[in-house]
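*Asks:* The structure under discussion is supplied below as structure tokens; questions concerning it will follow.
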Amino acid sequence: MPSSAGVEVSTSQRPATTAVPARTIFDFAAPASVNGWYNQDDPVMGGRSRSAATWRDGVLVFAGDLSLENNGGFASVLSPRDEPIGPRLAGASALVLHATGDGRTYVVQLRRADEPGAYIQRLPTEAGVERSYELPLSGFEPVDFMLRPRPDAVALDPAALGQLAVYVTDKQEGPFGLAVRRIDAVP
Numbered sequence: 009m010p011s012s013a014g015v016e017v018s019t020s021q022r023p024a025t026t027a028v029p030a031r032t033i034f035d036f037a038a039p040a041s042v043n044g045w046y047n048q049d050d051p052v053m054g055g056r057s058r059s060a061a062t063w064r065d066g067v068l069v070f071a072g073d074l075s076l077e078n079n080g081g082f083a084s085v086l087s088p089r090d091e092p093i094g095p096r097l098a099g100a101s102a103l104v105l106h107a108t109g110d111g112r113t114y115v116v117q118l119r120r121a122d123e124p125g126a127y128i129q130r131l132p133t134e135a136g137v138e139r140s141y142e143l144p145l146s147g148f149e150p151v152d153f154m155l156r157p158r159p160d161a162v163a164l165d166p167a168a169l170g171q172l173a174v175y176v177t178d179k180q181e182g183p184f185g186l187a188v189r190r191i192d193a194v195p
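According to the numbering used here, the sequence shown is numbered sequentially starting from 9.
Given below as structure tokens:
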């Protein structure tokens, strides 16, 4: 299904003329690779959802339970604040998440380092299947802190980004889980 949302990519879909290889932004091969990643869930606003970011067999596992009680309905995992992603994304045209989902749709968020600006793109997953999802940077939409559209925002500049987050906000109560093996930037 064509859209700017997460699209499965294989090397055969990339043009043969692509000479510059992908750069790894995050690789979860070792247990220490999840150090600094943290969760922020709806209890900060009165909700009851809960999540955790753990390492298992070479992947960062973002899992928990989404609750709609007390106007809740979100859980998230965020990359370390002290390791800005902008320098690693400079010149990139897309992110590629190598992940195994649970059939739910996640939201990938890129946060600016210098101001309260953020950009999102939805990532529909297939349950139990490891895929490489390409998210073109041109497909990220500017949002405010409540993930509402922000048409007056400055254009996304990959070099100015500070943090990456993954949210589950699909209004489906119950357990969820996304296992991310690696995140790459492609030119």
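The C-beta atom is built at its ideal place from N, Cα and C for all residues, glycine as well.
(1) Can you say whether Asn37 is buried or exposed, counting buried as having 16 or more other CB atoms within 10 angstroms of its CB?
(2) In chain order, which continuous runs of the alpha helix (DSSP H) of length 4 or greater are located wholly inside the stretch 90-133?
(3) Select from Ser59, Gly99, Asp35 and Gln48 the residue whose C-alpha is nearest the C-alpha of Leu182.
(4) Between the C-alpha atoms of Glu142 and Thr133, what's the straight-line distance to the nearest angstrom?
(5) Below 8 Å on the Cβ atoms is my guess for Val194 versus Ala98; work out the distance and round it to an integer in Å.
(6) What span of residues does the beta strand (DSSP E) with Trp63 cover, start to end?
(7) Please determine, among Ala83, Thr108 and Gly136, the residue with the shortest C-alpha to C-alpha distance to Val196.
(8) With distance defined between alpha-carbon atoms, name the residue in Ala168, Gly55 and Gly125 nearest to Asp160.
(9) Under 9 Å between the Cβ atoms of Gly109 and Arg139?
(10) For Tyr114, collect the residues of the same chain with a Cβ closer than 7 Å to its Cβ; drop the 5 residues on either side in sequence, then sort them by chain order.
*Replies:* Let me lay it out:
(1) The question names Asn, but residue 37 is Ala in the sequence shown. Looking at its Cβ environment, which holds fewer than 16 other Cβ atoms inside 10 Å, Ala37 is exposed.
(2) 94-97
(3) The sequence shown places Gly at residue 182, rather than the Leu named in the question. Out of Ser59, Gly99, Asp35 and Gln48, Ser59 has the C-alpha closest to the C-alpha of Gly182.
(4) 12 Å
(5) That belief does not hold up - the Cβ atoms of Val194 and Ala98 are roughly 13 Å apart, past 8 Å.
(6) Arg58 to Arg64
(7) A query on residue 196 cannot be resolved here, the shown segment of the chain reaching from 9 to 195 and no further.
(8) It is Gly125.
(9) yes
(10) Leu131, Thr133, Val174, Tyr175, Val176 and Leu186
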